[in-house]
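Chains as they are written, first to last, in the numbering used here: chain A, 6 to 196; chain B, 6 to 196; chain C, 6 to 196; chain D, 6 to 196.
See below for the structure under consideration.
4 protein chains.
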Amino acid sequence: MSPARLEAFTDGVIAILITIMVLELKVPHGADLDALRPLLPIFLTYVLSFVYLGIYWSNHHHMLHMTKRITGGILWANLHLLFWLSLVPFVTGWMGENHFEPVPTGVYGGVLLAAGVSYYILQLTIIAAQGANSPLAEAVGRDFKGKVSPILYVVAIPLAFVNEWISDAIYIGVALMWLVPDPRIESRLHE
Amino acid sequence: MSPARLEAFTDGVIAILITIMVLELKVPHGADLDALRPLLPIFLTYVLSFVYLGIYWSNHHHMLHMTKRITGGILWANLHLLFWLSLVPFVTGWMGENHFEPVPTGVYGGVLLAAGVSYYILQLTIIAAQGANSPLAEAVGRDFKGKVSPILYVVAIPLAFVNEWISDAIYIGVALMWLVPDPRIESRLHE
Amino acid sequence: MSPARLEAFTDGVIAILITIMVLELKVPHGADLDALRPLLPIFLTYVLSFVYLGIYWSNHHHMLHMTKRITGGILWANLHLLFWLSLVPFVTGWMGENHFEPVPTGVYGGVLLAAGVSYYILQLTIIAAQGANSPLAEAVGRDFKGKVSPILYVVAIPLAFVNEWISDAIYIGVALMWLVPDPRIESRLHE
Amino acid sequence: MSPARLEAFTDGVIAILITIMVLELKVPHGADLDALRPLLPIFLTYVLSFVYLGIYWSNHHHMLHMTKRITGGILWANLHLLFWLSLVPFVTGWMGENHFEPVPTGVYGGVLLAAGVSYYILQLTIIAAQGANSPLAEAVGRDFKGKVSPILYVVAIPLAFVNEWISDAIYIGVALMWLVPDPRIESRLHE
């Protein structure tokens, strides 16, 4: 299997997930602006999840770009990542409909954590298949972001029961951290 | 990232948006033609939004055709465009179910405006990355349509509170204006 | 725009339509076989529509295979075809949920007719762009199937008000007629 | 039609099926962990079906990799497989919502059986088109897994009426059997 094939399938799943999430924005019955007000938290959660899926899509592409050959292990590590990403619309809808209450906020963080860990496993699987001197291994380096994100999620989940806005702020912070393109990988790509 | 990759992802999202919109046409319970009558405004809005998404798909393709390299900025400007397009099924359903009432009609125009502006930003981002002498910059030229469309939307939104049919007429007019293929870009493509 | 691009987009839309149709098969509440019985007409309509979309997908591919260049006209003739195909899930659900009653059966035929006519228009548009001596023009020849199908739909629609089973039989007959691969196009492809 | 084309279409349908299944995980109204409890059987069924679709996707890819030319027969044998796979979200939702009761459990096995048989038919169709000395024929060999899976499903379906957990165990067992990559095909690919 060529990396292009795996990438096209992943692109397809992420494209569908992004669009399916918007179905949680149920068309309201009223025809005035008040009818939109209860949708505001759902909309904001949608924006956050959209950005997260965009980050995964973009980083996944950069990673696959440095992958020469797809093994069975990489294939299933990738499906494992897609599995957790496929739960994003569900937790987005749950957190959005429940106005950022503690349990849905914590579960949202749990799915982000599982997605982050499965992305990390995928990265390790690719590096293991290519050797420690592969371009990906060098580009990733110490992988500060990849290691600090799960820690932040682990911190954010219990904090949802103290004050869910702290957790939300951490989720947004992690997203902003990733939004900045990774200079190490970028620089390798343009060498 | 190659332009083909970005284009395939965008194609996927637009293809899904077009098909998800049709889910707002809920199967009626009755089995006679009367049962279809309340669906008529939803159907007409669907036609309008279908044409708009078709225009974005077609113009996006022409633009990407003149883009050599995808930077991180282009990637996120493109996701930004997809974000606003992803709200089209929602506002289509809302305007359709509320028989073209003022607020949904205005909000529909607001999403068209945001999509138009984000398309314009994407175009500027590509031109900025390629230089003022790039084929896209030359082909776009003064970009009459790209500049006049947002102005027309801005005019149409408040007019929805005077008479929503005026706004609908403007939305249809802008779509017709874009339906005509852009002779400047077309001519450059066939040079 | 390359034919491959147009084909990939069309493939995407048809793949989504096929899968969205299955959402009309709503999960029943009961847990015995009786709970499945009311789903039988929906299931049968789903099978019929699945075969129709499969036929369009397959024939569309053959046609695009003989198309060298995509003009703006071809692009919009193709979107026009996709528009009518996008209504297939809706009429499938309506006919299925109403146990093949006359009006939904007639409307189902109406959408098949519109899709057939728009396919024919797309074919004419491609031939017009390529000239009367193009491979497609020669392969299509007198196009018996393409001309007889709309006639059969036009006959089937009013017959739905006499006995809807006659119309259903005609729809199935037309599908079977197309299921047989077109020997003229096939032979040209393998020359 | 090139194998790449058929593969892209199949990838698209499977990507959509995987994501549509997650829509059965309906967002609960409560905001505590109790609200998630009734979703547990649906979630577990989703995991099982996700793994099955992943297996089909992966094996389908390996098979197409050894297919040189797509005939009309292969095209329709492939659509036939997609038809049965398209029913997976429906039976997943039914089995999940009914807490693994006998009839939905048996019907779930019935769809797995039909998908397995249609995959086998597709494999036979490709081998028939390529000859008994083709790489696929050699790689598949006696095809132990392909023959034993339908037998296991046939055993599992009636056992659902004795104790549905036996059937569930068999479904999981078959999935695990396939999860292990096929050494014969893998070895041929890397020769």
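We treat Cβ as the ideally placed atom computed from N, Cα and C, and that holds for glycine.
Being a predicted model, the structure only gives us computed values, none of them experimental.
- Comparing alpha carbon positions, the residue from C/Lys152, C/Val108, C/Ile47 closest to B/Arg42 is C/Val108.
- At a cut-off of 7 Å between beta-carbon atoms, D/Pro43 makes no contact with chain C.
- Of all residues in the stretch 131 to 150 of chain D, none has a C-beta nearer than 8 Å to a C-beta of chain C.
- A contact between stretches requires three or more CB pairs, one per stretch, nearer than 8 Å, and the stretch 69 to 78 of chain C fails this requirement with the stretch 132 to 139 of chain D.
- Taking a C-beta cut-off of 8 Å against chain A, the contacting residues of the stretch 12 to 23 of chain B are Ala13, Phe14, Gly17, Val18, Ile21, Leu22, listed in chain order.
- Each of D/Trp62, D/Ala20, D/Arg10, D/Phe14 was checked against the Cα of D/Leu184, and the nearest Cα belongs to D/Trp62.
- Pairwise C-beta distances place the stretch 23 to 32 of chain C out of contact with the stretch 81 to 89 of chain C, as fewer than three of them are shorter than 8 Å.
- No Cβ of chain C is located within less than 7 Å of the beta carbon of D/Glu169.
- DSSP places A/Val108 in the uninterrupted alpha helix (DSSP H) bounded by 107 to 135.
- Using a C-beta cut-off of 8 Å, the stretch 91 to 98 of chain D makes no contact with the stretch 139 to 157 of chain D, since fewer than three inter-stretch Cβ pairs fall below that distance.
- In the three-state scheme derived from DSSP, where H, G and I count as helix and E and B as strand, A/Asn168 is classed as coil.
- Under the criterion of beta carbons closer than 8 Å, D/Gly98 and D/Ala165 do not qualify as touching, at roughly 17 Å.
- Rounded to the nearest whole angstrom, the CA to CA distance from C/Ala174 to B/Gly146 is 57 Å.
- Bounds of the alpha helix (DSSP H) holding C/Asn64 are 45 to 70.
- With contacts defined as CB atoms closer than 7 Å, B/His65 and B/Thr15 qualify as a contacting pair.
- When the five nearest sequence neighbours on each side are left out, the beta carbons in the same chain lying within less than 8 Å of the beta carbon of C/Pro155 are those of Leu118, Gly121, Val122, Tyr125, in order along the chain.
- When Cβ-Cβ separations below 7 Å define contact, B/Ser63 makes contact with chain C.
- The beta carbons of C/Leu22 and C/Leu58 sit closer together than 7 Å.
- One finds Ala36, Asp37, Leu38 in chain B with Cβ atoms closer than 7 Å to the Cβ of C/Val108, taken in chain order.
- Under the 10 Å beta carbon count, B/Asn103 is surrounded by 16 or more other beta carbons and is classified as buried.
- Within chain D, the C-beta atoms nearer than 9 Å to that of A/Ile25 come from Thr24, Ile25, Val27, Leu28, in chain order.
- Annotation: A/Ser54 has no Cβ neighbours in chain D at a cutoff of 7 Å; minimum Cβ distance is about 13 Å.
- Here D/Val160 is exposed. Its C-beta has fewer than 16 other C-beta atoms within 10 Å.
- Across the stretch 78 to 105 of chain B, CB contacts with chain A closer than 8 Å involve Leu80, Trp81, Leu84, Leu87, Phe88, Ser91, Leu92, Pro94, Phe95, Gly98, Trp99, Glu102, Asn103, in sequence order along the chain.
- Under the three-state reduction of DSSP, A/Leu92 is assigned to coil, being neither helix nor strand.
- Sequence-distant Cβ neighbours of B/Val56 in its own chain, meaning closer than 6 Å and more than five residues away, are Ala180.
- Contact of B/Val153 with chain C is not assigned, every C-beta pair being separated by 7 Å or more.
- For B/Gly17, the enclosing alpha helix (DSSP H) covers residues 8 to 26.
- For the options D/Ile25, D/Thr24, D/Leu45, the alpha carbon positioned closest to that of D/Pro33 is the one of D/Leu45.
- Within a 10 Å sphere around the beta-carbon of C/Gly178 sit fewer than 16 other beta-carbons, which makes this residue exposed.
- Per DSSP, D/Glu29 lies in no alpha helix (DSSP H) and is assigned neither H nor E.
- With a cutoff of 7 Å on beta-carbon distance, B/Thr110 and B/Ser172 are scored as near each other.
- In the assembly as shown, B/Leu69 is a buried residue. Its beta-carbon has 16 or more other beta-carbons within 10 Å.
- Within the model, the alpha-carbon separation for D/Leu141 versus D/Pro8 is close to 14 Å.
- A buried status is given to C/Val116, since no fewer than 16 other beta-carbon atoms sit within 10 Å of its beta-carbon.
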